[in-house]
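Student: By our numbering, the letter at position 90 of the sequence shown is numbered 87, and the numbering carries on one by one without gaps. Virtual Cβ for every residue (Gly too), placed ideally from N, Cα, C. Because the structure is a prediction, the values reported are computed rather than measured.
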Amino acid sequence: NYDVVMFPGGSGTGEANALQQTGCAKVEQFVARGGGYVGTCAGAYLPALGYNKPTSWLQIVDAQIIDVDHWDRGTGSAQIHLVNSTNVILAGFPEYLWAHYFNGPLLGPGGSASLPDYEQDAVFVSDIHDNAPAGIMPGTTCMTTSTYQSGKCVLFSFHPELTPGLEQMDVRAVKWSAGKL
């Protein structure tokens, strides 16, 4: 009786381990049948192409994790460039904005033959690299929308729900993925 499942920050591997293979299969079936998936930070790591065994149990977005070895990049305010002006989730937001970032994934096209390409909606402009090499983060995807069979997925590498003024972005992501926007 639900329209959308949301996965928050934390640990993508931890979320996969908590769900186990059977729970990940249930999430995949839910989205395939028309459910929505909204993932923020760790929740954006989880449905991308697997970078370890547990995260390979749920692969519903054709995105690869860039520089997964340095996932612990750091935290801070990241500048974001909204590159898809036609996305209804982003309507009314400025083209460039700042958002809370806490080690979210750097996303790139996955190249899967069995998954549809994601829509690149926003990219990082700034570079947070406290624990990572400099120069990798800028230009990588930080927000995607995509479909998986009959369902819709939204991934945020940053935290709109924790950034004053961006909360509606999260609300619209839920509505869009539920087919109500």
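1) Using CA coordinates, which residue listed in Asn100, Ala75, Asp66, Ala60 is at the minimum distance from Leu152?
2) Helix or strand or just coil, what does DSSP make of Trp54?
3) Identify the continuous alpha helix (DSSP H) that holds Thr19 and give its terminal residues.
4) Hey, is the region 35 to 50 in contact with the region 141 to 156, meaning 3+ C-beta pairs nearer than 8 Å?
5) Do you know how far the Cα of Pro130 is from the Cα of Arg70?
6) Since Ile133 and Asp64 should fall inside the 8 Å C-beta cutoff, what is the C-beta to C-beta distance between them, to a whole number of angstroms?
7) Just grab the DSSP bridge partners of Val1 for me.
8) Give the C-beta separation of Ile77 and Phe27 to the nearest angstrom, bearing in mind that I take them to be a contact with Cβ-Cβ under 8 Å.
9) Quick one: is Tyr145 buried, meaning 16 or more other Cβ sit within 10 Å of its Cβ, or exposed?
10) Given this structure, state the Cα-to-Cα distance separating Tyr93 from Leu87, to the nearest angstrom.
11) So, helix, strand or coil for Gly105, using DSSP?
12) Less than 8 Å between the CB atoms is what I'm expecting for Ser143 and Glu116, so what's the real figure, rounded?
13) DSSP three-state label for Ile62, please.
14) Do you know how far the Cα of Thr137 is from the Cα of Ala119?
Tutor: Taking the definition as stated:
1) Ala60
2) helix
3) 9 to 29
4) Between the region 35 to 50 and the region 141 to 156 there are three or more inter-stretch CB-CB distances shorter than 8 Å, so the stretches are counted as touching.
5) Roughly 9 Å separates the two Cα atoms.
6) 5 Å
7) Gly33
8) 29 Å between Cβ atoms; not a contact.
9) buried
10) 11 Å
11) It is a strand residue.
12) 6 Å
13) strand
14) Taking the straight line from one Cα to the other gives about 9 Å.
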